[in-house]
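Accompanying notes for the structure given below.
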Amino acid sequence: MKSIMQDKEECYITHDTYNLHCHHVCEGRNRNNSEKYGLKVWLRGDYHNQSNYGVHFNKELDLKLKREAQQKFIEKYPDLDFTDIFKINYL
Numbered sequence: 004m005k006s007i008m009q010d011k012e013e014c015y016i017t018h019d020t021y022n023l024h025c026h027h028v029c030e031g032r033n034r035n036n037s038e039k040y041g042l043k044v045w046l047r048g049d050y051h052n053q054s055n056y057g058v059h060f061n062k063e064l065d066l067k068l069k070r071e072a073q074q075k076f077i078e079k080y081p082d083l084d085f086t087d088i089f090k091i092n093y094l
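Have a look at this one:
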């Protein structure tokens with residue numbers, strides 16, 4: 004998995020290394036952009052979609068990851084405009 008958000012294959016939240024799922028931070032129409040620009044993180048299954056506190060059900064966690072992803076994008080791609088590409092601003 005190519006990610007600009009993390010270097011290690013471990014849960015982005017807990018740093019555990021088991022039951023990992025790849026999570027595209029920007030989903031829906033922006034899933035391909037998440038893939039293209041590396042806005043993906045490893046999440047333990049429960050923090051992904053296997054519990055009510057997982058990112059797919061927890062709006063606060065979802066927004067936190069999206070804000071961190073946008074900030075990383077800005078740092079990694081200073082000549083590109085996140086809002087032009089993703090059509091949204093999380094910051």
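Under our numbering, read the sequence shown as residues 4 to 94, first letter to last. We treat Cβ as the ideally placed atom computed from N, Cα and C, and that holds for glycine.
Item, Value
"Using DSSP with H/G/I as helix, E/B as strand and the rest coil, what is H27?", "strand"
"Would DSSP call K5 helix, strand or coil?", "coil"
"Considering only their Cβ atoms, is the gap separating H24 from H59 smaller than 8 Å?", "no"
"Suppose contacts are defined by Cβ-Cβ distances below 8 Å. Is L46 in contact with Y15 by that definition?", "yes"
"Take A72 as the anchor and find which of V28, T86 and Y80 has the nearest alpha-carbon.", "V28"
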